[in-house]
Amino acid sequence: MRRQRRGVKLLALVLGLSLVAAACGDDDDEGAADETEEAVPQGGDLVLGAEQEPECADWMGSCGGSSWGFWTMGANTMPRAFDIVQEGDQWVYTPSPLLEGEPELVTEPEMVTTYHISEDAVWSDETPITCADFVYTWDQVANGEEIYDRTGFRNIGSVDCPDSKTVVVTYAEPYAGWKSNFGGQYGIFPAHILEGQDRNAAMADGYDWSGGPWLIDEWTRGEQIVLVPNENYWGTVPSLDSVTFRFITDSAAEFEAFSGGEVLGIFPQPQLETVDAVSSGIDGATVDVQAQSPSIEALWLNNAAPPFDSRAVRQAFAYALDRDAIVERLFGGLDVTEAMQSFNAPLLGDFGDPEAFAGYVQDLDMVDQLMEGDGWTKGADGIWEKDGQRASASFKTTAGNARRELTQDIVIEQAAEAGFELSVDNEEAGDLFGTQLPEGSFQMALYAQVLTSLDPSVCALFCSENIPSEANQFAGQNWTRTNIPEADPSLAETDSNPVEDERSDAMADADALLAEDATSIPLDPLPNILILSDQVVGEVINNPVLGPFFNMEGWGLS
Amino acid sequence: MGTLILRRLLYSIPVLLVASFLMFWMVRTTFDPTARLRVSRDPTVIEEERERLGLNDSIFTQYRVWLGDFIRGDWGESSRTGQPVSEVIPQAFGNTIQLIVWGVLVSALIAIGIGVYSALKQYSAGDYVFTGLTYVGISMPPFWFALIAIHFLAVAPQDWFDLSSPPLKFVGLHSVGSSGFNWDYLQHLILPVLTLSVQLMASWTRYQRSSTLDVLSSDYIRTARAKGVPRGRVIVRHAMRNSLIPLVTVIAVDASLLFGGLIITETIFSIPGMGRLFFQSLLQGDVVVLEAWMLVVAIFILLFNLLADLMYGFLDPRIRVQ
Numbered sequence: 268m269r270r271q272r273r274g275v276k277l278l279a280l281v282l283g284l285s286l287v288a289a290a291c292g293d294d295d296d297e298g299a300a301d302e303t304e305e306a307v308p309q310g311g312d313l314v315l316g317a318e319q320e321p322e323c324a325d326w327m328g329s330c331g332g333s334s335w336g337f338w339t340m341g342a343n344t345m346p347r348a349f350d351i352v353q354e355g356d357q358w359v360y361t362p363s364p365l366l367e368g369e370p371e372l373v374t375e376p377e378m379v380t381t382y383h384i385s386e387d388a389v390w391s392d393e394t395p396i397t398c399a400d401f402v403y404t405w406d407q408v409a410n411g412e413e414i415y416d417r418t419g420f421r422n423i424g425s426v427d428c429p430d431s432k433t434v435v436v437t438y439a440e441p442y443a444g445w446k447s448n449f450g451g452q453y454g455i456f457p458a459h460i461l462e463g464q465d466r467n468a469a470m471a472d473g474y475d476w477s478g479g480p481w482l483i484d485e486w487t488r489g490e491q492i493v494l495v496p497n498e499n500y501w502g503t504v505p506s507l508d509s510v511t512f513r514f515i516t517d518s519a520a521e522f523e524a525f526s527g528g529e530v531l532g533i534f535p536q537p538q539l540e541t542v543d544a545v546s547s548g549i550d551g552a553t554v555d556v557q558a559q560s561p562s563i564e565a566l567w568l569n570n571a572a573p574p575f576d577s578r579a580v581r582q583a584f585a586y587a588l589d590r591d592a593i594v595e596r597l598f599g600g601l602d603v604t605e606a607m608q609s610f611n612a613p614l615l616g617d618f619g620d621p622e623a624f625a626g627y628v629q630d631l632d633m634v635d636q637l638m639e640g641d642g643w644t645k646g647a648d649g650i651w652e653k654d655g656q657r658a659s660a661s662f663k664t665t666a667g668n669a670r671r672e673l674t675q676d677i678v679i680e681q682a683a684e685a686g687f688e689l690s691v692d693n694e695e696a697g698d699l700f701g702t703q704l705p706e707g708s709f710q711m712a713l714y715a716q717v718l719t720s721l722d723p724s725v726c727a728l729f730c731s732e733n734i735p736s737e738a739n740q741f742a743g744q745n746w747t748r749t750n751i752p753e754a755d756p757s758l759a760e761t762d763s764n765p766v767e768d769e770r771s772d773a774m775a776d777a778d779a780l781l782a783e784d785a786t787s788i789p790l791d792p793l794p795n796i797l798i799l800s801d802q803v804v805g806e807v808i809n810n811p812v813l814g815p816f817f818n819m820e821g822w823g824l825s
Numbered sequence: 007m008g009t010l011i012l013r014r015l016l017y018s019i020p021v022l023l024v025a026s027f028l029m030f031w032m033v034r035t036t037f038d039p040t041a042r043l044r045v046s047r048d049p050t051v052i053e054e055e056r057e058r059l060g061l062n063d064s065i066f067t068q069y070r071v072w073l074g075d076f077i078r079g080d081w082g083e084s085s086r087t088g089q090p091v092s093e094v095i096p097q098a099f100g101n102t103i104q105l106i107v108w109g110v111l112v113s114a115l116i117a118i119g120i121g122v123y124s125a126l127k128q129y130s131a132g133d134y135v136f137t138g139l140t141y142v143g144i145s146m147p148p149f150w151f152a153l154i155a156i157h158f159l160a161v162a163p164q165d166w167f168d169l170s171s172p173p174l175k176f177v178g179l180h181s182v183g184s185s186g187f188n189w190d191y192l193q194h195l196i197l198p199v200l201t202l203s204v205q206l207m208a209s210w211t212r213y214q215r216s217s218t219l220d221v222l223s224s225d226y227i228r229t230a231r232a233k234g235v236p237r238g239r240v241i242v243r244h245a246m247r248n249s250l251i252p253l254v255t256v257i258a259v260d261a262s263l264l265f266g267g268l269i270i271t272e273t274i275f276s277i278p279g280m281g282r283l284f285f286q287s288l289l290q291g292d293v294v295v296l297e298a299w300m301l302v303v304a305i306f307i308l309l310f311n312l313l314a315d316l317m318y319g320f321l322d323p324r325i326r327v328q
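In the order they appear, the protein sequences are chains A and B. If you're matching positions, the first sequence starts at 268 in my numbering and goes up one per residue. If you're matching positions, the second sequence starts at 7 in my numbering and goes up one per residue.
Below you can see the structure in the form of structure tokens.
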């Protein structure tokens, strides 16, 4: 979804951190940044705002998982086998300029993929990008220390090099998301530079080589990242002289920095003040709202803790909520008005069953029927009770997030009407994600799961083998303690079957079981918002995986 | 004076040891340095990290090892970024000290001026105006004032006067490609310094006013005036110097607290200083940074208290003699 607006802006600062832009004007679809046919001027220094600073630039290291790190540096400097593009309503993998064409995939008798590297592909020092770089990357991810995520690379049995520009990857275990292995956020690492070095130490603070259109010129911690063109890039060399990302972590200050022209583009989180400002119109800017985001925000229920350890209670709770009304209130200003109906991120389009939860619409009669069927009766105060236990739960989310706090208020009000008693118990993000969710010290939590590729990796979230426990030191990400043994095979197949239609069908089966069990309740898509000054010329693609800055080589300044 | 300094430094050591142990103990019991590793699918990672950080030892052993490393200059590595903490903190400190120096200087000069004026012109229209303004300043939330200042002193004037860029800057301490002490630096400095000064000025003005009033009603001032010393000389040579004594203490204490207290100013103005470092480390549970940060700030609080004592002695000869 794209929206462009121009108008006369009045940004007014009101109580607290609220920033409200009141505006009037026309909806004009002539954003300069969207003019793909317009000639891109040469030269110029573009300054953009970045809400977060990455912890390090070792993209495969445990510190390298920052989205902002990938969007600003990783996507522009690391060569990768696949790009992600939009075809119709679907986002799909397409071979990147690194490859000669689509890799060959063989699934029988064992899964083998063969990549042909472009003869032109070279690192910034003009050393050719070769099969050795793929071997090095695989070896580091599969066997290195403190790796962020080894998913997929562990399935690889060998990487062979018939010649320097041909890569043959043989899988010991089939892996459905094979395209993300060398086409995901890690990219390909230069063996000739990093072999024999401490990779993490060499890359943590940035690096002076590149296999993409840009080079990291400077990373001043806490202040900015500066990219300059990689003159030896074999594809389109950037027109701009430099791109600087300045770290502006306060959202109100970020908007002011954009209004004052200190930065010419921002990519703010969809907080309430952002939605208000965008819906009011921003002067001299192109606003791109991407509802097909990689994020799915949900009410995650602890299936192992009362009262949500009862399937009937979970189902009743799902019927208690008017989820569309919640989404309308949160993101109506962005024209995002419908609740998510599966746990598959919006960018996956029709993968699995996107309507699995559509049957859960607010129905208080159904709530009564399910609760009474499970032996609950309503107390004098209208709250369900059973064997002295009340249908009450603590409701956690990340402290200080106004949008999530508003969501909590609406959910609590709707739940109370249906006989559920919820109380806010918010936590700092570090405590919530680092301790409480892994340990199961929660009953209900509101947060988002974010995809970093086009592969859903659902087994990690819902397979019963991934329930954290003392025995496995709370490793595993099935924090909701979802335990549906009959769904496990379908979830596992979704992660392993490389045949796209079959894995989508398997996901649909799993979606149906997850919905029937009401293991948790999907809520909203957490849209991506990109705001660029009309001074920025070139094709703007708010890519939900590669980020909005992955094609800046085609940008210029008017 | 040398004895005074030595004695105060010696007193500071046990204070520092107790304070640092309490802070260390609180951080270690509040944060789990291995929490970030819990999403790892490798169950051995956490145990290896615990072993590496010595978390299986008693709290006293952990403290002894940590303090020894700290004294030797090994402050550890940030679990968030992997950077040596001995590099991270000085960098952040360098940015914060710029704000503090300018903020304290500007606030003190203005507060002293207005405070003395208000005392001399007690109950005049000017006194009432400044009194009102100080109450506004004291009650003004810094984050709100900062955003107001950005909007009305930087962004809006750009539109009002059709400027190509804001007259005052508010992202960092320099523009892209600029460095050093220049006009660009001053453009970036004005708004954050104004933000941190507004409350300091307001409260210090009140101190200076009441202190000056006290001094002006002293016998020795009346004596000086009775002996025919000109009014201006009485105020500057006799009244002001003594009236500064209480304010100096307040300034020293307030300034020391600013080393870690500029979280909002540094966040809104995108200045990577000590406050922002503390806030980020707190949110991310970066224990190694937090522990070193707290000790460094504690040291500076003690040093500034010492400085206050020295200034006290400098301004009041009786204390020097004692």
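Glycine included, every Cβ here is placed at the ideal spot set by N, Cα and C. Remember, predicted model here, so these are calculated numbers, not experimental data.
- Per the coordinates, the alpha-carbon of A230 (chain B) lies some 9 Å from the alpha-carbon of R237 (chain B).
- Judged by their CB atoms, Y403 (chain A) and E462 (chain A) are nearer to each other than the 8 Å cut-off.
- For T503 (chain A), the secondary structure class from DSSP, reduced to helix, strand or coil, is coil.
- In the DSSP assignment, A552 (chain A) falls within the unbroken beta strand (DSSP E) covering A552 to Q557.
- In this structure, V294 (chain B) sits away from G138 (chain B), with a CB-CB distance that is not shorter than 8 Å.
- Among the CB atoms of chain A, one or more fall inside 8 Å of the CB of D38 (chain B).
- D392 (chain A) sits exposed, since fewer than 16 C-beta atoms from the chains shown fall within 10 Å of its C-beta.
- Under the three-state reduction of DSSP output, M327 (chain A) falls in the coil class, being neither helix nor strand.
- For L250 (chain B), the enclosing alpha helix (DSSP H) begins and ends at R247 to G267.
- Collapsing the DSSP output to three states places G532 (chain A) in a strand.
- Taking C-alpha positions only, F401 (chain A) is separated from P621 (chain A) by approximately 35 Å.
- Residue pairing for T433 (chain A): DSSP places it in a beta bridge opposite A:H383 and A:D430.
- Nearest CB-CB separation between Q97 (chain B) and chain A: below the 8 Å threshold.
- DSSP places A685 (chain A) outside any beta strand (DSSP E); the residue lies instead in the alpha helix (DSSP H), whose first and last residues are A669 to A685.
- By alpha-carbon distance to D635 (chain A), the top candidate from A:V389, A:R581, A:E490 and A:I533 is A:R581.
- At a Cβ-Cβ threshold of 8 Å, Q214 (chain B) and V110 (chain B) do not count as neighbours.
- In its chain, beyond the 5 residues on either side, G279, G281 and R282 have a beta carbon closer than 6 Å to the beta carbon of E272 (chain B).
- Membership of L315 (chain A) in the beta strand (DSSP E) is indicated by the continuous run D312 to A317.
- Annotated three-state conformation of T644 (chain A) is strand, per DSSP.
- Taking C-beta atoms as the reference points, L289 (chain B) and G697 (chain A) count as a pair closer than 8 Å.
- Under the 8 Å criterion on CB atoms, I515 (chain A) is classed as interfacial with respect to chain B.
- Taking 7 Å as the upper bound on Cβ-Cβ separation, chain A lies near residues T273 and I274 of the stretch 263 to 274 of chain B.
- Less than 8 Å divides the Cβ of F610 (chain A) from the Cβ of A565 (chain A).
- Look at K446 (chain A) here: in three-state DSSP terms it is helix.
- The DSSP-derived three-state label of P789 (chain A) is strand.
- Contact annotation for V314 (chain A) against chain B: V182 [CB-CB distance below 7 Å, chain order].
- Note: T487 (chain A) is bridge-paired with A:Q491 in the DSSP secondary-structure output.
- According to the DSSP assignment, V302 (chain B) belongs to the alpha helix (DSSP H) that extends over V293 to L321.
- Judged by beta-carbon spacing, E318 (chain A) lies within the 8 Å limit of E521 (chain A), meaning their Cβ atoms are closer than that value.
- Note on N62 (chain B): under 16 other CB atoms within 10 angstroms of its CB, so exposed under the neighbour-count rule.
- Between the beta-carbon of A727 (chain A) and that of A623 (chain A) there is about 19 Å, and that puts the pair past the 8 Å contact cut.
- About 3 Å separates the beta carbons of M345 (chain A) and G454 (chain A), which is inside the 8 Å limit, making them a contact pair.
- The criterion of a C-beta distance shorter than 8 Å is not satisfied by A712 (chain A) and T749 (chain A).
- Within the stretch 485 to 513 of chain A, the residues whose Cβ lies closer than 9 Å to any Cβ of chain B are, in chain order, T487, R488, G489, E490, Q491, V493, S509, T511 and R513.
- Not one beta carbon of chain B lies nearer than 8 Å to the beta carbon of C730 (chain A).
- With fewer than three CB-CB distances shorter than 8 Å, the stretch 808 to 816 of chain A does not count as touching the stretch 256 to 266 of chain B.
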